[in-house]
Amino acid sequence: MENEKRTVDTYEVKHAICMGDKEILFTEDEENSDRPYMVCNCNWDNPLGIEQYFEAVVSADYLEMMTEFTARVTEQIEAVKAERAGIDVPLGTFTLEHCVPDDRGESIENKVAVIRAERLRPECRTADKQIVLVTGGFCSQAKARGRAVYVVYLYSGKESRWNREDILGVVKAECMPSWAKERLQQIEAERQVKQKNQEQVR
3 MENEKRTVDT YEVKHAICMG DKEILFTEDE ENSDRPYMVC NCNWDNPLGI EQYFEAVVSA
63 DYLEMMTEFT ARVTEQIEAV KAERAGIDVP LGTFTLEHCV PDDRGESIEN KVAVIRAERL
123 RPECRTADKQ IVLVTGGFCS QAKARGRAVY VVYLYSGKES RWNREDILGV VKAECMPSWA
183 KERLQQIEAE RQVKQKNQEQ VR
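Read in our numbering, the sequence shown has 49 at position 47, and its numbers run on one by one without any break.
Below, the structure is given as structure tokens:
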């Protein structure tokens, strides 16, 4: 429901900022007179995409906890800046003009696709976070009724899960960056070796 309050245990989330690989939460439990304020981190870095809370600290001092909250947010901002500084590919955003629009009547498995920019946080709306190789998932197939699409990010090689509606389209051949072509070859070679090893084990 729209007005449903988000809670972490007995603490209600008052402020939440996503930045980089974490969400920073400032929470309050009005019934807890000893430790009414809690700051913690949250991420979804697991196969099921379930919220995980960690590095929690509690206090009765509001200013102390707000200082902790803003410090963690600042730390995440600096981490994103450092990550961007180390990226050696163009950071432009891929849009519909770079793609063949997604058609649910067609399979996108083993194709290079683009994640919709609006499905990503503002700091992640860049090509390195958008361009993926679709590796499977029921909804990667044509006319499938499911939602899951499994992908590998071409830039980082990390695996992830998205829904089919999060896919903007398949990258047009003429719009494929040279770095993406190189990474695609590497990833496909790695997948072939992995598949061969699995077959030998059987």
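Note that CB positions come from ideal geometry on N, CA and C, so glycine has one too.
Handout entry: Backbone CA spacing between R39 and N48 [nearest angstrom]
Key = One detail in the question is off: residue 39 reads as Tyr in this sequence, not Arg. Roughly 27 angstroms between the two C-alpha positions.
Problem - Residue of E66, E120, Y55, R127 minimising C-alpha distance to R37 - result: Closest option to R37, Cα to Cα, is E66.
Handout entry: Coil, strand or helix - M178 by DSSP
Key = coil
Handout entry: CB of G139 within 9 angstroms of CB of A150, strictly
Key = yes
Exercise for the section: Tell me whether A150 sits in a helix, a strand or coil according to DSSP, three-state version. Expected result: strand
Problem - C-alpha gap between I19 and G107, whole angstroms - result: Whole-angstrom Cα-Cα distance: 37 angstroms.
Practice task
Assign N165 to one of three DSSP states: helix, strand, or coil.
Solution key: In the three-state scheme derived from DSSP, where H, G and I count as helix and E and B as strand, N165 is classed as strand.
Exercise for the section: In the DSSP assignment, find the alpha helix (DSSP H) that holds A84 and state where it starts and stops. Expected result: 64 to 88 is the span of the alpha helix (DSSP H), which, as asked, contains A84.
Problem - the stretch 149 to 165 / the stretch 75 to 85 touching (three or more Cβ pairs under 8 angstroms) - result: no
Practice task
Using three-state DSSP, classify A144 as helix, strand or coil.
Solution key: coil
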